[in-house]
Amino acid sequence: MSVREQLLMFLQIVGYNLRFRVVGGYLYRSTETIHRYFSIVLDAILKLYPDLIQLPNGATPREIRNSRRYYPWFADCVGAIDGTHVVASVPLEIQGKFRGRKGYPTQNVLAAISFDLKFSYVLAGWEGSAHDSRVLEDALTRPRGLQVLQDKYYLVDAGYGIRNGFIPPYSGVRYHLKEYDDNPPQNEKELFNLRHSSLRTTIERGFGVLKKRFKVVDNDPFWDFKTQVDVILACCIIHNHIMGIAPNDMFMEEVIQEEQSETPNVLTEQASYTQPYQTQSERRAENREWARKRDAIAHAMYMGKKGEKQFRWSRPMERLMLEILADEVKLGNRPNNSFKSSSFTRVVDAMKDKFGVTCSVEHVENHLRTVRSSWSTIVKIREKSGFGWDDTLKMITASPSVYHAYIQKNPGHDKYIDNKIELYDEMAVVVGKDLATGSFAKSFVDVNLETPFVPKTSVEQKDVTSARSSEVRATSSRTKQHHKRNRSNEDIEKMSQQLGEVAAALNKISANKLDINQLHEEIMKIEGYSEEFLDLSKTLFDFSREVQERLGHRIKYFEVADSASIA
Numbered sequence: 408m409s410v411r412e413q414l415l416m417f418l419q420i421v422g423y424n425l426r427f428r429v430v431g432g433y434l435y436r437s438t439e440t441i442h443r444y445f446s447i448v449l450d451a452i453l454k455l456y457p458d459l460i461q462l463p464n465g466a467t468p469r470e471i472r473n474s475r476r477y478y479p480w481f482a483d484c485v486g487a488i489d490g491t492h493v494v495a496s497v498p499l500e501i502q503g504k505f506r507g508r509k510g511y512p513t514q515n516v517l518a519a520i521s522f523d524l525k526f527s528y529v530l531a532g533w534e535g536s537a538h539d540s541r542v543l544e545d546a547l548t549r550p551r552g553l554q555v556l557q558d559k560y561y562l563v564d565a566g567y568g569i570r571n572g573f574i575p576p577y578s579g580v581r582y583h584l585k586e587y588d589d590n591p592p593q594n595e596k597e598l599f600n601l602r603h604s605s606l607r608t609t610i611e612r613g614f615g616v617l618k619k620r621f622k623v624v625d626n627d628p629f630w631d632f633k634t635q636v637d638v639i640l641a642c643c644i645i646h647n648h649i650m651g652i653a654p655n656d657m658f659m660e661e662v663i664q665e666e667q668s669e670t671p672n673v674l675t676e677q678a679s680y681t682q683p684y685q686t687q688s689e690r691r692a693e694n695r696e697w698a699r700k701r702d703a704i705a706h707a708m709y710m711g712k713k714g715e716k717q718f719r720w721s722r723p724m725e726r727l728m729l730e731i732l733a734d735e736v737k738l739g740n741r742p743n744n745s746f747k748s749s750s751f752t753r754v755v756d757a758m759k760d761k762f763g764v765t766c767s768v769e770h771v772e773n774h775l776r777t778v779r780s781s782w783s784t785i786v787k788i789r790e791k792s793g794f795g796w797d798d799t800l801k802m803i804t805a806s807p808s809v810y811h812a813y814i815q816k817n818p819g820h821d822k823y824i825d826n827k828i829e830l831y832d833e834m835a836v837v838v839g840k841d842l843a844t845g846s847f848a849k850s851f852v853d854v855n856l857e858t859p860f861v862p863k864t865s866v867e868q869k870d871v872t873s874a875r876s877s878e879v880r881a882t883s884s885r886t887k888q889h890h891k892r893n894r895s896n897e898d899i900e901k902m903s904q905q906l907g908e909v910a911a912a913l914n915k916i917s918a919n920k921l922d923i924n925q926l927h928e929e930i931m932k933i934e935g936y937s938e939e940f941l942d943l944s945k946t947l948f949d950f951s952r953e954v955q956e957r958l959g960h961r962i963k964y965f966e967v968a969d970s971a972s973i974a
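Here's what the structure looks like:
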């Protein structure tokens with residue numbers, strides 16, 4: 408396959424979210440060939456990041472320097488930072504880590520975008536349940552991570568908070584106003600928020616163009632999660648290349664038209680910040696989320712009017728909740744790492760029976776989030792250098808010097824160190840396996856430019872390898888399974904022999920000597936197929952006869968064409 412054809416194949420897959428077999432049909436290539444060359448092109452594109460993904464050089468961006476609205480006030484601003492959620496496909500046992508506010512598994516992608524809509528930094532692969540500020544902290548602390556030049560800063564939303572090198576809008580101040588309208592900004596804070604919002608549309612526009620240009624970013628992926636992360640990074644690299652040669656393509660025009668058609672709303676920063684570009688399905692999901700939030704607010708207002716106090720959790724109540732939820736885990740009532748509603752209802756009923764208090768399912772869910780946050784802090788402390796663990800007392804230990812140095816930076820964590828952690832075992836069962844860790848996170852600097860490419864094992868190869876390793880493991884099993892193992896090996900040998908006959912028939916395709924009827928007979932000899940499969944196979948073989956007749960002339964044409972090109 409030529410380099411041009413390889414690149415065309417890769418762009419078809421990421422641009423239109425096509426499956427390997429579909430692209431293979433377009434290019435008259437096998438699925439295995441498409442899979443192998445997709446991995447080769449992906450690896451090659453990732454190694455282009457030093458040329459196409461570059462951090463700001465510190466100069467005032469042209470888009471700010473040439474605007475009276477922004478210059479000189481934003482002269483030190485070098486870009487905007489935000490996160491977006493991309494649909495993820497992960498194993499069932501870890502989906503809880505990836506399921507955040509979207510309700511389905513996602514990966515949290517952090518990106519820094521300059522005002523010419525080029526990505527200057529991307530960190531992909533964080534679990535969808537991770538908060539944006541946590542992902543940003545990882546980007547700043549990882550080796551060769553995100554770096555902010557001295558006295559320069561990025562614009563961020565309120566979720567990140569104000570810190571060195573990052574400026575969010577004012578909290579509690581109106582946002583998304585119009586500067587020249589019947590309701591203009593009334594003070595300097597509102598004016599700052601207005602222009603902050605205008606500049607931050609860069610990041611939203613960048614995400615919007617990326618998702619429109621590469622359909623694979625906004626659809627269910629069909630490869631392993633490591634490849635999903637690499638594909639996001641590769642799409643950002645290609646996006647930067649396109650922005651350098653054709654910045655005003657049709658995708659950019661579509662996003663700008665959508666932005667202009669939206670009517671800005673007057674919001675307070677309590678409603679926070681603008682959201683990045685969303686598809687219709689994402690918008691519907693978020694509308695449902697806000698409807699639930701509206702219902703919760705209305706309920707809280709009504710209960711507050713009646714004088715009901717906030718529900719308070721005592722230690723015995725928390726113990727009962729964790730014991731019940733731990734039992735629910737053992738009963739298998741936590742599919743996809745999310746508890747069923749019946750599990751929370753069981754806790755509510757137990758609270759009423761044992762303590763005589765009335766709580767709701769929402770109270771249980773909210774307190775479970777608090778427990779999950781506490782567990783995350785415990786895990787983080789245990790992983791730090793200098794801390795030990797006493798499994799008998801369920802206590803994190805540390806020397807006085809390490810303790811005082813850590814508490815000085817984290818004064819709220821003193822209750823977790825040199826103190827017995829109550830309900831540790833119950834917490835480990837209930838929330839210990841569904842915390843975001845960032846172990847899958849990857850940026851461009853994690854790409855090893857010196858390592859030669861090793862083709863990834865295809866699905867078919869993995870299956871064969873797995874079968875062979877299983878057979879090897881079977882030979883080392885206990886002797887009492889000897890007869891059963893021999894029978895299994897005989898079945899495998901018989902199946903392999905039959906499949907070999909089928910493969911021999913398939914090899915005749917290249918020479919156009921395949922007898923479809925003979926191939927059908929060989930397939931029918933293999934035992935274990937259902938009646939539905941046999942009926943389907945008959946239909947497919949009838950279709951194959953017709954295809955073979957139609958392709959006979961085309962095969963001869965391509966052979967002549969190849970001979971002519973070589974000559």
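Okay, so the sequence shown: first residue is 408 according to the working numbering, each after it adds one.
Beta carbons are placed, not taken as given, at the ideal position from N, Cα and C, and that holds for glycine.
Annotated three-state conformation of His538 is coil, per DSSP.
Between Val778 and Ser767, the C-beta gap is not smaller than 8 Å, which leaves the two residues out of contact. In this structure the region 550-565 lies against the region 482-490, because at least three pairs of beta carbons, one per stretch, are closer than 8 Å. Linking Ser748 to Ala519 through their CA atoms gives a straight-line distance of about 39 Å. A direct Cα-Cα distance of roughly 34 Å separates Trp782 from Val580. Note on geometry: alpha-carbon atoms of Phe794 and Gln461 lie some 38 Å from one another. For Leu524, the secondary structure class from DSSP, reduced to helix, strand or coil, is coil. With distances taken between CA atoms, Val764 lies nearest to Trp720 out of Leu553, Phe847, Trp720.
In the three-state scheme derived from DSSP, where H, G and I count as helix and E and B as strand, Ile824 is classed as strand.
Around the Cβ of Phe526, a 10 Å sphere holds 16 or more other Cβ atoms; the residue is buried. Within the DSSP secondary-structure output, Pro468 pairs in no beta bridge. With 16 or more other CB atoms across the displayed protein chains lying within 10 angstroms of its CB, Arg741 is buried. Assignment of Phe621 by DSSP, reduced to helix, strand and coil, places it in the coil class. Look at Arg570 here: in three-state DSSP terms it is strand.
Distance from the CA of Leu434 to the CA of Lys454, rounded to the nearest whole angstrom, comes to 26 Å. Short of 8 Å from the beta carbon of Thr467, and not among the five residues preceding or following it, lie these beta carbons of its own chain, in chain order: Tyr478, Ala482, Asp483. Within the same chain, Cβ atoms closer than 8 Å to the Cβ of His820 are found at Thr784, Ile788, Tyr813, Ile814, the five residues on either side in sequence being excluded. The C-beta distance from Lys849 to Ala495 rounds to 13 Å, too long to meet the 8 Å contact threshold. A residue is called buried once 16 or more other Cβ atoms fall within 10 Å of its Cβ, and Ile652, having fewer, is exposed. Between Lys822 and Leu800, the CB-CB gap reaches or exceeds 8 Å.
By the 16-neighbour rule on beta-carbons within 10 angstroms, Lys619 is buried.
Your pair Leu606 and Pro463 does not check out as a contact, with CB atoms roughly 14 Å apart and the cut at 8 Å.
For Phe629, the three-state secondary structure derived from DSSP is coil. Annotation: His646 to Gly566 spans about 26 Å, alpha carbon to alpha carbon. For Ile644, the closest of Asn473, Arg776, Leu524 by C-alpha to C-alpha distance is Leu524.
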